[in-house]
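S.K.: Sharing a structure, written as structure tokens. Questions coming.
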Amino acid sequence: MTWDVALILGIDGMANGAVYLLAGLGLVLIFSVTRVVFVPFGDVAAFSALSLAAFEAGRRPATIGLVLTLAALAVVVEVVSLARRGEFARIPRAVIGWGVLPALPCLLAWAVGGQQVPHAVFIATAILLVVPITPLVARIALQPIADASTLVLLIASLALHFLLSGLGLLFFGPEGSRTAPLAEGSLALPGGFSVSAQVLLMMTSAIVLSAMFFLAFERTAIGKALRATAVNRIGARLVAIRPARTALLAYTFAGVLAGLIGVLVAPVTTMYYDSGFLIGLKAFVAAIIGGLVSYPLTAVGALAVGVVESFGSFWSGALKDVIVFSLLIPVLMMRSAMTRHPEEEVEEIDQ
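Going by this note's numbering, the letters in the sequence shown line up with residues 1 to 351, in that order.
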């Protein structure tokens with residue numbers, strides 16, 4: 001391998017790492033607030049890409065039907081829950097929150113679908129259209145078991161992935177789609193190299209969004225409420241922070257990140273209804289490197305995963321995923337060695 005090839009692979013790896021960085025931030029955000037490893041995160045990103053492809057093809061995206069179906073189920077679940085508790089006065093508000101609000105981006109998508117509007121409108125609509133999916137799915141399947149163990153929540157989240165994947169096949173079909181580049185041209189580098197504007201856009205978006213993410217958590221009341229819930233759920237309740245509300249905010253913000261990932265990835269790879277699973281899985285590797293709690297370490301892990309994947313595909317395209325997932329082994333061994341286990345503490349006390 002020459003230095004020229006290594007530089008090209010490094011740039012490609014950083015572009016992939018930028019996508020995994022955004023996905024990893026979403027996974028860490030959800031897990032830190034709700035203890036849920038949200039496996040279907042990549043599926044939401046894939047739906048965003050397919051929605052944008054449908055807009056560009058002059059069609060109304062099938063995501064409209066998917067969101068409306070999930071909204072109807074969420075309304076039923078919420079109304080039944082309120083009726084069992086005798087809180088009938090809150091039912092109209094629940095219908096508005098879980099039924100009407102998710103339908104608004106669907107109405108927007110129906111209006112712009114097949115119309116001649118600026119491409120930026122299609123991008124914004126595709127992102128807004130998938131944002132409700134994450135909180136709706138959480139309300140239907142995860143909120144009723146919010147107090148269960150982390151293992152039960154993980155199993156439920158994995159089942160949700162298969163459910164959303166099946167719904168994706170039902171609504172979108174097996175055909176793949178790729179969208180037009182979001183940015184044209186390239187940047188010339190010394191030595192005769194060039195970087196496409198699409199790659200630069202992906203890396204710049206990751207940097208800007210990560211900075212905004214940090215500022216939102218450090219400077220805003222909402223960010224501080226999310227951090228408080230992540231640190232101590234009981235303490236958050238004592239200071240009038242409702243974990244259910246912060247969980248809704250976490251799922252919503254993660255939905256925005258998933259939508260952005262979809263529109264960023266769609267121009268560089270063909271997306272299918274189940275293409276998001278590998279994106280979410282590799283972002284999970286990055287999140288594991290960060291311990292599912294550290295945003296800076298997750299960012300470092302995401303870049304490492306992207307670079308390793310790029311070089312792995314050069315050495316063996318068939319084994320690149322195996323090489324990436326093999327990163328988990330030394331990371332888990334190191335974390336296991338550095339973590340003090342409760343059973344060891346019990347043995348020390350007995351001695």
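A virtual CB, placed ideally from N, CA and C, is assigned to each residue, including glycine.
What's the C-alpha gap between Val-5 and Ile-11?
M.R.: Here residue 5 corresponds to residue number 5 of the sequence shown, with the count starting at 1. Here residue 11 corresponds to residue number 11 of the sequence shown, with the count starting at 1. Spanning the two alpha carbons is a distance of roughly 10 Å.
S.K.: Assuming contact is defined by CB atoms lying nearer than 7 Å, are Val-263 and Ala-124 in contact in what I supplied?
M.R.: In the sequence shown, residue 263 corresponds to position 263, counting from 1. In the sequence shown, residue 124 corresponds to position 124, counting from 1. Cβ distance not < 7 Å, so Val-263 and Ala-124 don't count as in contact.
S.K.: Where does Ala-230 land, buried or exposed, given buried means 16+ other C-beta within 10 angstroms?
M.R.: By 1-based counting over the sequence shown, the position of residue 230 is 230. Answer is buried; the Cβ neighbour count reaches 16.
S.K.: Is Val-130 closer than 7 Å to Gly-259 when the C-beta atoms are compared?
M.R.: Position 259 of the sequence shown, counting from 1, holds the residue named residue 259. Position 130 of the sequence shown, counting from 1, holds the residue named residue 130. Yes, the Cβ-Cβ distance between Gly-259 and Val-130 is below 7 Å.
S.K.: Would you call Pro-132 buried or exposed, if buried means 16 or more other Cβ atoms sit within 10 Å of its Cβ?
M.R.: By 1-based counting over the sequence shown, the position of residue 132 is 132. That one is buried.
S.K.: Which of the three DSSP states, helix, strand or coil, is assigned to Ile-349?
M.R.: Within the sequence shown, residue 349 is the residue found at index 349, counting from 1. Caution applies to Ile-349, whose pLDDT of 46 falls short of 50 and renders its modelled position unreliable; the model cannot decide the point.
S.K.: Does the pairing of the region 156-176 with the region 268-277 give three or more beta-carbon distances under 8 Å?
M.R.: Flag = yes, the region 156-176 and the region 268-277 touch.
S.K.: Considering only residues of the same chain and omitting the five flanking positions on each side of Val-74, which have a CB-CB separation below 6 Å?
M.R.: Mapped onto the sequence shown, residue 74 falls at position 74. The sequence as given places Ala at residue 74; Val does not occur at that position. Cβ neighbours of Ala-74 beyond the five flanking positions: Trp-98, Leu-136, Arg-139, Ile-140.
S.K.: Rank Phe-213, Pro-144, His-119, Ala-46 by C-alpha distance to the C-alpha of Glu-78 and give the top, closest one.
M.R.: Counting from one through the sequence shown, the residue named residue 78 turns up at place 78. For the residues Phe-213, Pro-144, His-119, Ala-46, the minimum Cα distance to Glu-78 belongs to Pro-144.
S.K.: Out of Ala-247, Gln-115, Leu-128, which has the shortest C-alpha to C-alpha gap to Ala-103?
M.R.: By one-based count along the sequence shown, residue 103 stands at place 103. The residue with the shortest Cα to Cα distance from Ala-103 is Leu-128.
S.K.: Taking its Cβ as the centre, do 16 or more other Cβ atoms sit within 10 Å of Pro-92, making it buried, or is it exposed?
M.R.: Locating residue 92 in the sequence shown gives position 92, counting from the first residue. The residue in question, Pro-92, is exposed, as its Cβ has fewer than 16 Cβ neighbours within 10 Å.
S.K.: Kindly identify the DSSP beta-bridge partner or partners of Met-271.
M.R.: Here the question's residue 271 lines up with position 271 in the sequence shown. In DSSP, Met-271 forms a bridge with Ser-177.
S.K.: What would DSSP say about Ser-196, mapped onto helix, strand or coil?
M.R.: Here the question's residue 196 lines up with position 196 in the sequence shown. Of the three classes helix, strand and coil, the one that applies to Ser-196 here is strand, per DSSP.
S.K.: Can you tell me whether DSSP reads Ala-146 as helix, strand or coil?
M.R.: Counting from 1 along the sequence shown, the entry for residue 146 is found at position 146. Here Ala-146 sits in coil by DSSP.
S.K.: Hey, could you find the ends of the alpha helix (DSSP H) Phe-38 is sitting in?
M.R.: By one-based count along the sequence shown, residue 38 stands at place 38. Looking at the DSSP string, Phe-38 is not in any alpha helix (DSSP H), and its letter there is neither H nor E.
S.K.: Where does Leu-319 sit, in a helix, a strand or coil, going by DSSP?
M.R.: Within the sequence shown, the letter at position 319 stands for residue 319. The answer is helix: DSSP assigns Leu-319 an H, G or I state.
S.K.: Could you tell me if Val-305 is buried or exposed, where buried requires 16 or more neighbouring beta carbons within 10 angstroms of its beta carbon?
M.R.: Position 305 of the sequence shown holds residue 305. Classification of Val-305: buried, given that the 10 Å Cβ count is 16 or more.
S.K.: Could you tell me the alpha carbon to alpha carbon distance between Phe-217 and Arg-227, rounded to whole angstroms?
M.R.: Residue 217 sits at position 217 when you count from the first residue of the sequence shown. Residue 227 sits at position 227 when you count from the first residue of the sequence shown. When rounded, the distance between both Cα atoms is 7 Å.
S.K.: So, do the region 307-325 and the region 45-57 have three or more beta carbon pairs nearer to each other than 8 Å?
M.R.: Because the criterion of three Cβ pairs below 8 Å is not met, the region 307-325 and the region 45-57 do not touch.
S.K.: Please name the residue, chosen from Leu-7, Val-19, Val-195, that lies closest to Lys-282 on a Cα-to-Cα basis.
M.R.: The residue given as residue 282 occupies position 282 in the sequence shown. Checking every option, the nearest Cα to that of Lys-282 belongs to Val-19.
S.K.: I believe Pro-267 touches Ala-180 by the beta-carbon criterion, under 8 Å. Please report the beta-carbon distance rounded to the nearest angstrom.
M.R.: Indexing the sequence shown from 1 puts residue 267 at position 267. Indexing the sequence shown from 1 puts residue 180 at position 180. So it is a contact: roughly 6 Å between Cβ atoms.
S.K.: Can you name the start and end residues of the alpha helix (DSSP H) that Ile-96 belongs to?
M.R.: Residue numbering aside, residue 96 sits at position 96 when the sequence shown is read from its first letter. It is not in any alpha helix (DSSP H) - Ile-96 carries neither H nor E in the DSSP assignment.
S.K.: Output the distance between the C-alpha atoms of Val-121 and Met-333, rounded to the nearest integer angstrom.
M.R.: Residue numbering aside, residue 121 sits at position 121 when the sequence shown is read from its first letter. Residue numbering aside, residue 333 sits at position 333 when the sequence shown is read from its first letter. Straight-line Cα distance between these residues: approximately 47 Å.
S.K.: Mark Thr-63 as exposed unless 16 or more other C-beta atoms lie within 10 angstroms of its C-beta, in which case mark it buried.
M.R.: As a first step, residue 63 must be located in the sequence shown, where it is residue number 63. Counting Cβ neighbours within 10 Å, Thr-63 comes out buried, since at least 16 surround it.
S.K.: Just the C-alpha distance for Phe-325 and Ala-240, rounded to the nearest angstrom, thanks.
M.R.: Along the sequence shown, read from residue 1 onward, the residue named residue 325 stands at position 325. Along the sequence shown, read from residue 1 onward, the residue named residue 240 stands at position 240. Rounded to whole angstroms, Phe-325 to Ala-240 spans 41 Å at the Cα level.
S.K.: Helix or strand or just coil, what does DSSP make of Leu-187?
M.R.: Translated into positions along the sequence shown, residue 187 becomes position 187. Strand, per DSSP.
S.K.: Could you check whether the region 22-37 touches the region 248-259, counting it as contact only if at least three pairs of C-beta atoms, one from each stretch, sit closer than 8 Å?
M.R.: Yes, the region 22-37 touches the region 248-259.
S.K.: Work out the CA separation of Val-322 and Val-95 for me, nearest whole Å.
M.R.: Taking the sequence shown and counting its residues from 1, one reaches residue 95 at position 95. Taking the sequence shown and counting its residues from 1, one reaches residue 322 at position 322. Each residue's Cα considered, the two are about 46 Å apart.
S.K.: Let me confirm a value: Leu-66 is counted as buried when at least 16 other C-beta atoms fall within 10 Å, else exposed. Which label applies?
M.R.: On the sequence shown, position 66 is the one that residue 66 refers to. Buried: at least 16 other Cβ atoms inside 10 Å.
S.K.: Tell me, please, whether the CB atom of Leu-278 is closer than 7 Å to any CB atom in chain D?
M.R.: No chain D appears in this structure, which consists of one protein chain only.
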